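Engineer: Submitted below is the structure of interest, expressed as structure tokens.
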Ligand SMILES: C[S@@+](CC[C@H](N)C(=O)[O-])C[C@H]1O[C@@H](n2cnc3c(N)ncnc32)[C@H](O)[C@@H]1O
């Protein structure tokens with residue numbers, strides 16, 4: 487096996503909703519594209535690692551086809567074992583250099599490259615962009631994430647200090663340990679100048695929370711480049727690609743109109759938004775040059791979409807949605823719409839399903855446009871089918887059962903990571919569709935250190951409802 491750091495130190499890859507064809511298609515639809523249907527599409531993930539993002543997509547979308555490519559053989563082998571265990575026939579993982587992605591790979595409706603562009607040498611980076619341009623279908627959408635300036639400057643200072651501190655440490659595990667020691671030394675010693683300490687505290691805390699594999703491959707990696715948005719878009723342009731949007735659509739909006747002085751220049755506005763927000767990471771969506779895009783999107787573009795938001799009532803009549811964003815609205819219609827979204831979350835609702843809550847279509851499109859541009863609600867084109875009721879012999883998703891055998895983190899029908907407590911994890915493992923409630927209760931009670939059978943019976947309905955509400959059941 488060649489000397490590849492990703493073989494030596496595992497990288498924690500996990501499902502990312504923002505890379506899902508549903509999200510890419512939703513943003514494409516918002517801007518007037520006609521993306522391929524999520525249920526019947528071709529997806530290429532470049533730098534897929536062990537397939538932890540791609541495999542759940544393949545599991546949920548049996549009529550779509552998925553190809554993952556990664557240079558590191560060890561994670562590819564892990565992913566292939568998972569694919570075999572799940573019996574998936576619509577996905578293949580290839581151990582290959584992305585520079586070898588040629589015409590033999592065919593054409594893709596969606597191309598994903600998360601955490602690759604900034605972390606590979608310039609020549610490989612250029613091939614990544616070239617392959618995205620060459621392999622993208624006419625209405626295809628590519629997702630490429632990268633470290634962005636100006637926000638990344640601060641993190642870069644710490645990266646350079648950690649690299650300096652570990653410059654004579656060849657061993658990977660020791661480098662991680664020494665980097666963490668240095669971060670703690672900087673933060674806890676309170677030795678640095680006061681203005682710098684304030685900035686430092688936040689950065690160091692975030693870095694210390696990172697898993698060892700992330701710290702090693704992301705922060706103290708040999709290559710870790712950052713780019714201004716305009717540089718990235720110019721690079722895309724050289725390979726026949728244009729800026730479509732950001733994978734988090736709300737990041738493209740400027741609700742206060744602070745940048746109105748820039749006029750209609752979308753690229754210029756995006757660059758200045760990065761200046762205003764000190765953006766440090768981008769998840770940019772690209773499509774082929776020459777595709778007419780309808781900008782800016784307005785409330786009428788809400789009608790073909792679906793919507794989701796984890797709405798909860800918080801103090802003083804406020805409602806909290808995604809990204810911790812809170813709204814205060816005296817409007818009954820807004821309250822009814824957000825309450826309906828909260829009840830079905832994480833499953834989305836269609837525009838038509840939400841009309842009765844708003845009263846009429848015009849009112850609803852305005853409400854939803856406000857929620858989406860504020861970042862309160864997500865947009866979708868796919869309704870993520872799953873079993874949302876607890877049947878006589880409830881069955882947990884096969885993927886979740888497979889994951890629960892190894893970990894407390896499982897993937898739900900909406901491509902989200904759900905953390906299970908010990909009981910839920912054991913329950914998921916038992917729920918293969920052959921056991922009724924009594925058998926499940928007995929199975930749980932038989933596990934060492936469990937509460938009594940009586941208590942287990944009492945709590946079981948609540949646990950089952952919770953799993954159903956988390957979109958973890960299947961028919
Ligand atoms: C930071 S990790 C990101 C992994 C995954 N996409 C994620 O987001 O968790 C970068 C991945 O790119 C892969 N990689 C690096 N250079 C590559 C190349 N030349 N060809 C294919 N994959 C490459 C690495 O092996 C690694 O799995």
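Numbering (the working numbering), first residue to last: 487 to 961. For every residue, glycine included, the Cβ atom is placed at its ideal position computed from N, Cα and C. As the structure is a prediction and not an experimental result, all values here were calculated from the model.
1) Note the first and the last residue of the continuous alpha helix (DSSP H) segment covering residue 641.
2) Within the same chain, show all residues whose beta-carbon is closer than 7 angstroms to that of residue 594, passing over the 5 residues directly before and after it, in chain order.
3) Under 6 angstroms from any heavy atom of ligand 1, does the C-beta of residue 499 make it?
4) Comparing the C-beta of residue 882 with each C-beta of chain B, is any distance below 7 angstroms?
5) Count the CB pairs spanning the region 768-787 and the region 723-734 that are closer than 8 angstroms, and state whether there are at least three.
6) Any heavy atom of ligand 1 closer than 6 angstroms to the Cβ of residue 792?
7) If you draw a straight line from the alpha carbon of residue 614 to that of residue 699, how long is it in whole angstroms?
8) If contacts are defined as beta-carbon pairs under 8 angstroms, then residue 591 and residue 510 qualify, I think. What distance do you get, rounded to the angstrom?
9) On the three-state DSSP scale, how would you describe residue 624?
10) Skipping 5 residues on each side, what residues in its chain have a beta carbon closer than 7 angstroms to that of residue 803?
11) Can you tell me whether DSSP reads residue 668 as helix, strand or coil?
12) Would you mind listing the beta strand (DSSP E) stretches within the region 701-785 that are 3+ residues and don't spill past its ends, in chain order?
13) Less than 7 angstroms between the beta carbons of residue 965 and residue 795, yes or no?
14) Within the present structure, is the beta-carbon of residue 558 separated from the nearest heavy atom of ligand 1 by less than 6 angstroms?
15) According to DSSP, is residue 811 part of a helix, a strand, or is it coil?
16) Does the count of Cβ pairs from the region 630-637 and the region 701-714 closer than 8 angstroms reach three?
17) Go ahead and pull the three-state DSSP assignment for residue 864.
18) Ligand 1 and residue 888: does any heavy atom of the ligand fall closer than 6 angstroms to the residue's C-beta?
19) For residue 903, is the beta carbon positioned less than 6 angstroms from some heavy atom of ligand 3?
20) In the DSSP assignment, find the alpha helix (DSSP H) that holds residue 949 and state where it starts and stops.
21) Between residue 499 and residue 538, is the Cβ-Cβ spacing less than 7 angstroms?
22) Pair every Cβ in the region 774-793 with every Cβ in the region 716-730, then say whether three or more of these pairs are closer than 8 angstroms.
23) I'd like to confirm the pairing. Which residues does DSSP put opposite residue 655 in its beta bridges?
24) Using C-beta distances below 6 angstroms, list every residue in its chain close to residue 838, excluding the 5 sequence neighbours before and after it, in chain order.
25) Given this structure, state the Cα-to-Cα distance separating residue 748 from residue 760, to the nearest angstrom.
26) Determine whether the beta carbon atoms of residue 561 and residue 501 lie at a separation below 7 angstroms.
27) Tell me whether residue 506, by its Cβ, gets closer than 6 angstroms to a heavy atom of ligand 1.
28) Since residue 598 sits in a beta bridge, which residues does DSSP pair it with?
29) With a threshold of 6 angstroms (Cβ to nearest heavy atom), would residue 605 be considered close to ligand 1?
Structural biologist: Well, looking at it:
1) 638-651
2) 528, 529, 530, 621, 622, 623 and 626
3) Yes; taking the cut-off as 6 angstroms, the Cβ of residue 499 has a heavy atom of ligand 1 nearer than that.
4) The chain inventory of the structure shown lacks chain B, comprising one protein chain alone.
5) yes
6) no
7) 23 angstroms
8) Not confirmed; about 18 angstroms, so no contact.
9) DSSP places residue 624 in the strand class (E or B) of the three-state scheme.
10) 814
11) Residue state, collapsed to three classes: helix.
12) 727-732 and 767-774
13) In the structure displayed, the chain extends from 487 to 961; residue 965 sits before or after that span and is not available.
14) Between ligand 1 and residue 558, a heavy atom-to-CB distance of less than 6 angstroms is present.
15) coil
16) Under the three-pair Cβ rule at 8 angstroms, the region 630-637 counts as touching the region 701-714.
17) strand
18) Residue 888: no, Cβ never under 6 angstroms from ligand 1.
19) Ligand 3 is not part of the structure shown, which contains ligand 1 as its ligands.
20) 939-955
21) Cβ distance < 7 angstroms, so residue 499 and residue 538 count as in contact.
22) yes
23) Paired residue(s): none; residue 655 is not in a bridge.
24) So the list is empty, once near-sequence residues are dropped.
25) Between residue 748 and residue 760, the C-alpha separation is close to 14 angstroms.
26) no
27) No, the beta carbon of residue 506 sits no closer than 6 angstroms to any heavy atom of ligand 1.
28) Looking at the DSSP assignment, residue 598 forms a beta bridge with 531 and 629.
29) yes
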